[in-house]
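Chemist: Structure provided below as structure tokens; questions to follow.
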Amino acid sequence: QYHDFGLEGGELWLATSSDRRVSVWASDWLKDKCELLAWLSFPAPAGPKGFGSLPPSLATFCPWEPDTLVYVGFGVQKEALFYNLRKKQVVEKISLPYFATSISLSPAAHFMAVGFDEQLLRLLHCPDGAAQDYAGHDDTVHLCRFAPSGRRLLTASHSAVLVWELTGS
């Protein structure tokens, strides 16, 4: 995938920062080589006063849309942004009920799992945004991860780890 952008490397990876920036890199660790592909900033208002900490900035590559990453974080709207690296623009937005604290995209189907501070897990079908909400955690959902098969989803909060079975996916 990195060759499509005219870069050398064996791995394409990204990093996020608390100031809503995402950097995308192509690297070849054996040759001690690392090249910056994109440096993205997502708009947001000034942090609210009295708000202890802002929601995390999270990004991941989209397994079903080549050249696309998905970003969630503190912003103007509570939403998941699909950013196409080739087009250099947001190509899709999915509205969220709250700011996300965790995210995972299924490698096997067009599903996105999003965890929230409000003890909620939302499973979204992309791109139509059809949503199912699940309760079960008694604290912030800090981690969501699909199994490689896409048939199971692991979620974690401070006091619980849950494994969800996805049927019909």
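Per full-length UniProt numbering, residue 1 is the first one in the sequence shown, and the count goes up by one each step. The beta carbon of each residue, even a glycine, is placed where N, CA and C say it ideally should be. Remember, it's a predicted structure, so these values are computed and weren't measured experimentally.
Could you work out which residue in S106, A100, E92 is closest to D128 when comparing CA atoms only?
Modeler: E92
Chemist: In chain order, what residues of the same chain lie with their CB nearer than 6 Å to the CB of A100, ignoring the 5 residues before and after it?
Modeler: V72, V114
Chemist: Between the C-alpha atoms of L30 and A131, what's the straight-line distance to the nearest angstrom?
Modeler: 43 Å
Chemist: Relative to the C-alpha of C34, which candidate in L14, A59, D138 has its C-alpha closest?
Modeler: L14
Chemist: What are the start and end residues of the beta strand (DSSP E) that includes G163?
Modeler: Going by the sequence as given, residue 163 is Val instead of Gly. Looking at the DSSP string, the run of the beta strand (DSSP E) that includes V163 is 161 to 165.
Chemist: Quick one: which unbroken beta strand (DSSP E) runs of 3-plus residues sit fully inside the stretch 119 to 145? Chain order, please.
Modeler: 121 to 125, 130 to 134
Chemist: Give me the residue from A108, Y83, H158, A59 with the minimum Cα distance to G152.
Modeler: The residue asked about is misnamed: residue 152 is Arg in this sequence, not Gly. R152 has its Cα closest to that of A108, out of A108, Y83, H158, A59.
Chemist: What would DSSP say about K93, mapped onto helix, strand or coil?
Modeler: strand
Chemist: Under the three-state reduction of DSSP, which class applies to W13: helix, strand or coil?
Modeler: strand
Chemist: Rounded to the nearest angstrom, what separates D19 and A38 at their Cα positions?
Modeler: Rounded to whole angstroms, D19 and A38 show a C-alpha spacing of 16 Å.
Chemist: In the DSSP output, what is G115 paired with across the bridge?
Modeler: S102, L121
Chemist: Considering only DSSP beta bridges, list what C34 is partnered with.
Modeler: Listed as beta-bridge partners of C34 by DSSP are S27.
Chemist: Per DSSP, what kind of secondary structure is S149 in: helix, strand or coil?
Modeler: coil
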